[in-house]
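Q:
Protein chains: 2
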Amino acid sequence: MRICISKFAIIFIICLTFIFPPLTLSLKSAVNVWPKPRLVSWPKPLARFLSANFTINSPYHQHLAPAVTRYLVLVRTEHYHPLITPSVNVSASAPPLQTLSINITDLAAPLQHGVNETYSLSISEVGETAYLIAETPWGAMRGLETFSQLVWGNPSAIPVGLYIWDAPLFAHRGVMLDTSRNYYGVADILRTIEAMSANKVNVFHWHVTDSQSFPLMVPSEPELAAKGSYGLDMIYSPSDVAKIVQFGLEHGVRILPEIDSPGHTGSWAEAYPEIVACANMFWLPGSDWDDRFASEPGTGQLNPLNQKTYKVLENVIRDVSNLFPETFYHGGADEIIPGCWKADPTIQSFLSNGGTLSQLLEKFINSTLPYIISLNRTAVYWEDVLLDDVVKVNSSFLPREHTILQTWNNGSNNTKKIVQAGYQTIVSSSEFYYLDCGHGDFLGNDSLYDPQTTGRDPKDGKSWCDPFKTWQTIYNYDITFGLSEDEARLVLGGEVALWSEQTDPTVLDGRLWPRTSAMAETLWSGNRDEAGRKRSAEATDRLNEWRYRMVSRGVKAEPIQPLWCIRNPGMCNASPFS
Amino acid sequence: MRICISKFAIIFIICLTFIFPPLTLSLKSAVNVWPKPRLVSWPKPLARFLSANFTINSPYHQHLAPAVTRYLVLVRTEHYHPLITPSVNVSASAPPLQTLSINITDLAAPLQHGVNETYSLSISEVGETAYLIAETPWGAMRGLETFSQLVWGNPSAIPVGLYIWDAPLFAHRGVMLDTSRNYYGVADILRTIEAMSANKVNVFHWHVTDSQSFPLMVPSEPELAAKGSYGLDMIYSPSDVAKIVQFGLEHGVRILPEIDSPGHTGSWAEAYPEIVACANMFWLPGSDWDDRFASEPGTGQLNPLNQKTYKVLENVIRDVSNLFPETFYHGGADEIIPGCWKADPTIQSFLSNGGTLSQLLEKFINSTLPYIISLNRTAVYWEDVLLDDVVKVNSSFLPREHTILQTWNNGSNNTKKIVQAGYQTIVSSSEFYYLDCGHGDFLGNDSLYDPQTTGRDPKDGKSWCDPFKTWQTIYNYDITFGLSEDEARLVLGGEVALWSEQTDPTVLDGRLWPRTSAMAETLWSGNRDEAGRKRSAEATDRLNEWRYRMVSRGVKAEPIQPLWCIRNPGMCNASPFS
């Protein structure tokens with residue numbers, strides 16, 4: 001759902017727009033916040049210094065307190081030098097800013113879907129104190145980030161005579177990371193969460209397990225990780241998870257776990273071979289794609305006919321619910337491959353007695369979803385569970401009040417199908433939001449690469465979701481494209497997804513950043529200016545600046561242009577009309 | 001040219017093949033050298049330990065000595081643990097290996113094109129000493145690298161009863177790095193050279209300058225870098241260059257400088273606006289591609305009609321020759337854009353008096369190439385100088401004995417054109433060897449990204465040389481494809497090229513590695529097994545292992561597959577038939 005803004009708030013914004021006319025910011029201004037706030041008023045290009053004893057006053061909140069400390073250190077010590085020196089008059093005579101004072105309306109609001117992230121920030125030309133007013137501690141964290149991005153130089157200066165009002169367009173703004181194909185250390189995940197927070201991205205969708213490895217230590221089922229992980233040094237222990245959840249709370253980032261099942265579960269067979277169909281088989285036994293056992297190597301799907309499947313899975317679901325306070329539980333349910341289930345003798349009997357593959361999935365959903373709901377969780381599944389061509393369930397098995405479906409195929413068309421079926425949705429279109437695309441296929445021994453001649457078959461060696469999704473592809477995507485206003489309300493937000501077949505910690509930052517920043521802005525404040533035009537030229541310059549600032553903060557974001565482009569704003573555009 | 005092997009050597013190899021039948025190595029063996037040596041004989045899977053006091057004895061050579069020290073430390077301390085434990089019997093009773101003894105035939109051979117890199121390595125089952133016999137110090141460095149890759153575990157073990165004979169198929173095996181679009185620190189360049197050496201890649205083609213920045217401090221023309229670089233902290237000083245050249249010598253890597261001209265010289269205008277046509281203009285003034293001023297932002301081409309052009313350029317060429325001992329000098333000469341020269345008033349007069357654009361380029365070449373040759377340099381140019389559709393020179397201006405042409409367009413077709421014209425060539429086909437492709441276009445404000453619907457125009461947002469070149473695309477390319485034996489002899493070798501519009505130090509390693517390793521092997525020993533079949537399945541497993549070893553050595557190479565694939569050799573292939 002788009003964040004609901006009360007009528008009062010809308011009138012308030014309209015009034016502000018008259019009092020503070022919207023400003024078309026250029027890179028030369030000192031206001032280069034990413035994602036762009038909803039409303040910025042800064043009538044005169046004035047700035048002043050921060051006091052050497054600058055402090056932040058805040059009501060006490062256990063998760064906000066470390067954030068306040070962190071931002072205080074950052075604004076005092078960052079001394080970021082913009083690539084373009086701001087054309088702004090830093091007043092030496094004005095008194096330095098002494099304090100940022102934080103006011104919070106609802107200190108008790110928990111970090112969960114739909115929590116109010118609204119904040120406003122006022123920095124006057126003369127007063128000793130700037131004011132950050134937020135509805136919740138999580139909104140205050142967003143405001144602190146904005147404040148930190150306003151500060152630059154040495155000594156630290158900040159624009160004044162400035163008013164910002166800000167709130168997200170979409171409540172769910174996420175990054176999905178697959179830690180099964182390749183493993184990431186806890187430090188990599190924490191660095192990612194910190195960068196997400198700096199981009200006001202608030203959901204870390206953790207695709208923990210898959211067929212390749214099972215790196216999560218589940219206390220009631222320790223054998224799953226002991227045997228199914230890549231090694232004892234590549235396991236997330238309960239204390240690792242607690243650390244990540246705590247870090248998320250201190251950064252306003254929800255940690256949403258996904259235990260993909262019944263497909264994508266080959267790794268479970270290391271501990272429980274009896275509950276996994278077609279485990280450890282060559283993935284493409286013939287040349288016919290329809291005969292495959294899995295959408296990629298390796299194979300394995302939980303057997304819905306084996307009661308032990310549910311015994312193990314209930315232990316996993318219960319433990320995961322205990323480890324993660326998040327109220328969404330992602331159950332996966334994508335890419336059930338017929339050939340895999342058909343390879344299992346017990347399933348063969350079931351099918352030869354008139355059963356169908358879809359009935360198997362319905363049995364699986366019906367044996368697990370009620371348990372997920374009983375733990376006060378909303379279930380998230382990939383769209384396949386409803387939209388797959390062959391193996392899918394009737395919507396009666398998926399109660400709309402307890403189920404969210406995440407779209408990934410067929411662009412905006414499948415989003416439309418899901419919301420027309422009445423479900424809330426999270427958009428992860430593989431055509432726009434899959435960060436792993438464009439690096440070619442990873443299969444070995446592939447004769448597709450043999451041709452030597454020019455003008456090869458364009459499919460040769462491309463990844464299935466080619467091309468690479470540039471920041472501009474991501475930035476320009478409107479996740480509610482083609483939906484009616486009512487349908488659009490069912491869109492909770494979006495997630496970029498990084499599947500890890502060809503990614504691991506060595507290249508993580510460059511794959512995620514700054515492309516995730518592109519999604520961050522469109523889901524926070526959109527991709528259009530006040531006149532409704534795509535703000536891509538201005539965004540290019542501002543994203544360049546933000547990318548360099550992220551690098552200076554320790555995130556190895558990839559460059560989007562030559563440095564020359566940043567130094568010569570507009571000169572690297574496709575068209576001179578910005 | 002392919003490395004010439006004397007008839008004697010061929011007979012010798014044939015004899016060896018009978019004495020030591022070639023071995024099809026599996027990943028489980030302990031012999032996973034990358035690039036694969038030409039001949040490996042290891043009849044029995046035996047290994048023994050290295051002595052704790054293991055040493056390397058070598059005749060003294062100023063550049064080899066530091067390499068020997070480096071490899072001694074590496075083999076003593078690396079203790080690499082293969083991802084697959086070798087199925088090999090490490091004999092505890094055999095005496096540990098005490099010494100690697102190096103013998104060199106020609107200690108005085110300089111590091112230059114065509115130098116003999118042949119070596120052989122013998123490690124017996126019992127003797128105290130292993131033998132590395134090389135023709136030159138540079139061949140000894142190749143053998144030392146091979147030796148280091150044979151060592152694994154803690155305590156360090158090494159396969160024994162092993163004989164390797166090795167020599168490259170192609171003499172020129174290079175990496176081109178563009179340090180103008182974005183800047184790289186000296187440490188990044190040194191790390192790259194070290195990784196090249198580990199892959200037996202022997203030419204660092206340094207595309208130092210371009211339109212975006214001029215980072216090289218040229219002593220006779222200090223203003224070029226002072227004004228044309230990205231900043232005083234982004235300049236290569238003469239001592240930086242000396243350090244890089246010295247590091248190259250100690251790693252057997254030639255440092256081949258390119259000063260691209262007369263195109264790609266916008267940055268020269270910061271110091272000398274009078275010698276640069278069309279500098280600092282918007283690159284695409286209309287909507288017609290033919291009217292462009294440059295192939296990408298920014299603009300600027302040296303004016304061949306201005307005598308000062310040659311005064312500046314002679315200073316640059318002379319200083320570069322002094323800074324770089326390398327006997328190849330790369331002059332660029334690619335992508336002369338008609339619209340740029342046509343925008344210059346003096347050139348307009350020349351053209352209106354009946355002159356042609358090609359005559360301008362001929363004047364330029366004729367005013368600079370003789371000077372390059374007078375400094376005992378072989379000139380390298382991009383193929384455009386001869387093959388461009390519009391602006392090109394008559395071959396009489398390019399003496400074949402002093403000129404090498406580097407191909408990049410039109411796959412093997414242009415390579416054929418160049419060698420049929422009688423020129424030696426270096427192959428950098430953009431369809432196979434351009435490492436920057438596939439990351440989308442970098443232009444800002446591009447309306448191509450606007451469409452929201454599924455099935456967008458496949459051109460939208462792709463980079464001009466899409467798709468991404470996977471390691472398999474690179475590995476499968478035969479650079480002499482379609483050439484006769486005589487024509488193939490003119491192919492000196494190949495270079496992967498990394499243009500830096502969307503790359504800088506944050507993502508350098510992942511862009512270069514392990515894809516450059518793929519080229520390294522095909523140019524060293526080819527991409528086929530003894531039976532003439534592409535060895536892609538075996539190579540996939542071995543490259544996985546080598547990639548992890550490079551990471552453990554500090555090179556952030558990207559992963560090519562899930563770790564699961566490496567642990568389950570063959571299971572991630574496209575076909576089960578390897």
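Line order of the protein sequences matches chains A and B.
Going by the numbering used here, the first sequence opens with residue 1, and the numbers climb by one from there.
Going by the numbering used here, the second sequence opens with residue 1, and the numbers climb by one from there.
Where a beta carbon is used, it is the ideal one built from N, C-alpha and C, also for glycine.
Note that the structure is predicted; figures quoted are calculated from it, not measured.
State yes or no: is the C-beta of S197(B) within less than 7 Å of the C-beta of V253(B)?
A: The sequence position of residue 197(B) within the second sequence is 197, counting from 1. The sequence position of residue 253(B) within the second sequence is 253, counting from 1. Taking 7 Å as the Cβ cut-off, S197(B) and V253(B) qualify as a contacting pair.
Q: Does DSSP put K243(B) in a helix, in a strand, or in coil?
A: Within the second sequence, the letter at position 243 stands for residue 243(B). In the structure shown, K243(B) sits in a helix (DSSP, three-state: H, G or I).
Q: Could you tell me whether any Cβ in chain B is nearer than 7 Å to the Cβ of H79(A)?
A: For the purposes of this step, residue 79(A) is identified with residue 79 of the first sequence, where counting begins at 1. Cβ-Cβ to chain B under 7 Å: no for H79(A).
Q: Tell me whether E431(A) counts as near the ligand NAD, meaning its Cβ is closer than 6 Å to at least one heavy atom of that ligand.
A: Looking for the ligand NAD in the displayed structure turns up nothing, as the structure carries no ligands at all.
Q: Quick test of the definition: if touching needs 3 or more C-beta pairs under 8 Å, does the segment 325 to 344 of chain A touch the segment 380 to 397 of chain A?
A: Cβ pair count under 8 Å is three or more, so yes.
Q: Three Cβ pairs or more, each shorter than 8 Å: is that satisfied between the segment 270 to 277 of chain A and the segment 182 to 195 of chain A?
A: Touching, no.
Q: Alpha carbon to alpha carbon, how far is T473(B) from C437(B)? Give it in angstroms, no decimals.
A: As a working note, residue 437(B) is residue 437 in the second sequence. As a working note, residue 473(B) is residue 473 in the second sequence. Going from the Cα of C437(B) to the Cα of T473(B) covers about 12 Å.
Q: Could you tell me if N89(A) is buried or exposed, where buried requires 16 or more neighbouring beta carbons within 10 angstroms of its beta carbon?
A: Sequence index remark: in the first sequence, residue 89(A) carries index 89 (1-based). Burial call: exposed.
Q: Mind listing, in chain order, the continuous alpha helix (DSSP H) runs of no fewer than 4 residues lying wholly within the segment 304 to 360 of chain B?
A: You should have 307 to 323, 338 to 342, 345 to 352.
Q: Nearest-angstrom Cα distance between V385(A) and N376(A)?
A: If you number the first sequence from 1, residue 385(A) lands on position 385. If you number the first sequence from 1, residue 376(A) lands on position 376. Roughly 21 Å between the two C-alpha positions.
Q: Quick one, are the C-beta atoms of E495(B) and G174(B) less than 7 Å apart?
A: As a working mapping, residue 495(B) is identified with position 495 in the second sequence. As a working mapping, residue 174(B) is identified with position 174 in the second sequence. Cβ atoms of E495(B) and G174(B): closer than 7 Å.
Q: What's the C-alpha gap between L369(B) and Y433(B)?
A: By one-based count along the second sequence, residue 369(B) stands at place 369. By one-based count along the second sequence, residue 433(B) stands at place 433. Each residue's alpha carbon lies about 27 Å from the other.
Q: Just reading off the alpha helix (DSSP H) that Q472(B) is part of, what are its end residues?
A: Here the question's residue 472(B) lines up with position 472 in the second sequence. Note, Q472(B): alpha helix (DSSP H), 471 to 476.
Q: What does a CB cutoff of less than 7 Å around H439(B) pick up in its chain, not counting 5 residues either side in sequence?
A: As a working note, residue 439(B) is residue 439 in the second sequence. Result list for H439(B): S463, Q502, in chain order.
Q: Would you identify the three-state DSSP class for L375(B), choosing helix, strand or coil?
A: Within the second sequence, residue 375(B) is the residue found at index 375, counting from 1. Residue state, collapsed to three classes: coil.
Q: In three-state DSSP terms, what is N568(B)?
A: By 1-based counting over the second sequence, the position of residue 568(B) is 568. Note: N568(B) maps to coil in three-state DSSP.
Q: N116(A): which of I123(A), G127(A), S122(A), M141(A) sits nearest, CA to CA?
A: Position 116 of the first sequence, counted from the first residue, corresponds to residue 116(A). Minimum Cα distance to N116(A) is reached at M141(A).
Q: Rounding to the nearest angstrom, what Cα-Cα distance links V507(A) and S229(A) in this structure?
A: Within the first sequence, the letter at position 507 stands for residue 507(A). Within the first sequence, the letter at position 229 stands for residue 229(A). The alpha-carbon atoms of V507(A) and S229(A) are separated by roughly 21 Å.
Q: How many angstroms separate the CA atom of I133(B) from the CA atom of V391(B)?
A: Translated into positions along the second sequence, residue 133(B) becomes position 133. Translated into positions along the second sequence, residue 391(B) becomes position 391. Looking at the two C-alpha atoms, the distance is approximately 50 Å.
Q: Output the distance between the C-alpha atoms of L23(B) and E314(B), rounded to the nearest integer angstrom.
A: Here residue 23(B) refers to the residue found at position 23 when the second sequence is read from its first residue. Here residue 314(B) refers to the residue found at position 314 when the second sequence is read from its first residue. The predicted position of L23(B) is uncertain, since its pLDDT is 38 and thus under 50; a value taken from the coordinates is nonetheless stated next. Between L23(B) and E314(B), the C-alpha separation is close to 54 Å.
Q: So, for A421(A): in the same chain, excluding its five sequence neighbours on each side, which residues have a beta-carbon less than 7 Å away from its beta-carbon?
A: In the first sequence, the residue the question calls residue 421(A) occupies position 421. Contacts found: L386, S395.
Q: Does the beta-carbon distance from E530(B) to N32(B) come in below 7 Å?
A: In the second sequence, residue 530(B) corresponds to position 530, counting from 1. In the second sequence, residue 32(B) corresponds to position 32, counting from 1. It is not a contact, given that the beta carbons lie outside the stated cut-off.
Q: Excluding the 5 residues flanking W471(A) on each side, which residues of the same chain have their C-beta closer than 8 Å to its C-beta?
A: In the first sequence, the residue the question calls residue 471(A) occupies position 471. Excluding residues within five positions, the ones whose Cβ falls inside 8 Å are P514, R515, S517, A518, L543, I560.
Q: Look at the Cβ atom of P222(A), then the Cβ atom of D319(A), and state whether they are nearer than 7 Å.
A: Working through the first sequence from its first residue, we reach residue 222(A) at position 222. Working through the first sequence from its first residue, we reach residue 319(A) at position 319. Not closer than 7 Å, so no.
Q: Quick one: does K462(B) have its CB under 7 Å from some CB of chain A?
A: Residue mapping note: residue 462(B) aligns to position 462 of the second sequence, counting from 1. K462(B) counts as touching chain A.
Q: Let me make sure I understand the geometry here. Which of G248(B), F214(B), L249(B) has the alpha-carbon closest to that of Y236(B)?
A: Here residue 236(B) is taken as the residue at index 236 of the second sequence, counted from 1. For Y236(B), the nearest C-alpha among the options comes from F214(B).
Q: Kindly indicate if chain B contains any beta-carbon less than 7 Å away from that of R181(A).
A: To locate residue 181(A), count along the first sequence from 1; it is residue 181. Yes, its Cβ sits closer than 7 Å to a Cβ of chain B.
Q: Mind pulling the chain B residues with CB within less than 7 Å of L443(A)?
A: Residue mapping note: residue 443(A) aligns to position 443 of the first sequence, counting from 1. Here the neighbours are C572, N573, A574.
Q: At a CB-CB cut-off below 8 Å, which residues of chain A make contact with A333(B)?
A: As a working note, residue 333(B) is residue 333 in the second sequence. The premise fails here: A333(B) is roughly 21 Å from chain A at the closest Cβ pair, so nothing lies under 8 Å.
Q: Any beta carbon from chain A within less than 7 Å of K556(B)'s own beta carbon?
A: Counted from its first residue, the second sequence places residue 556(B) at position 556. Closer than 7 Å: yes.
Q: Would you call the segment 152 to 168 of chain B and the segment 34 to 52 of chain B touching, i.e. three or more CB-CB distances under 8 Å?
A: In short, these stretches touch, since the Cβ pair count reaches three.
Q: Buried or exposed for V208(B), going by 16 or more other Cβ atoms inside 10 Å?
A: Indexing the second sequence from 1 puts residue 208(B) at position 208. Answer is buried; the Cβ neighbour count reaches 16.
Q: Cβ atoms of W341(A) and G298(B): under 7 Å apart, would you say?
A: Indexing the second sequence from 1 puts residue 298(B) at position 298. Indexing the first sequence from 1 puts residue 341(A) at position 341. Result no, Cβ atoms of G298(B) and W341(A) do not sit closer than 7 Å.
Q: Residues in its own chain within less than 6 Å of P572(A) by CB, not counting five upstream and five downstream?
A: Indexing the first sequence from 1 puts residue 572(A) at position 572. One point to set straight first is that residue 572(A) is Cys, not Pro, in the sequence displayed. The answer, listed in chain order, is Q561, C565.
Q: Identify whether N280(B) lies in helix, strand or coil by the three-state DSSP scheme.
A: By 1-based counting over the second sequence, the position of residue 280(B) is 280. Three-state DSSP puts N280(B) in coil, outside helix and strand.
Q: Closer than 8 Å, Cβ to any Cβ of chain A: which residues of the segment 425 to 440 of chain B, in chain order?
A: Taking 8 Å as the Cβ-Cβ cut-off against chain A, the residues of the segment 425 to 440 of chain B that qualify are E431, G438, H439, G440.
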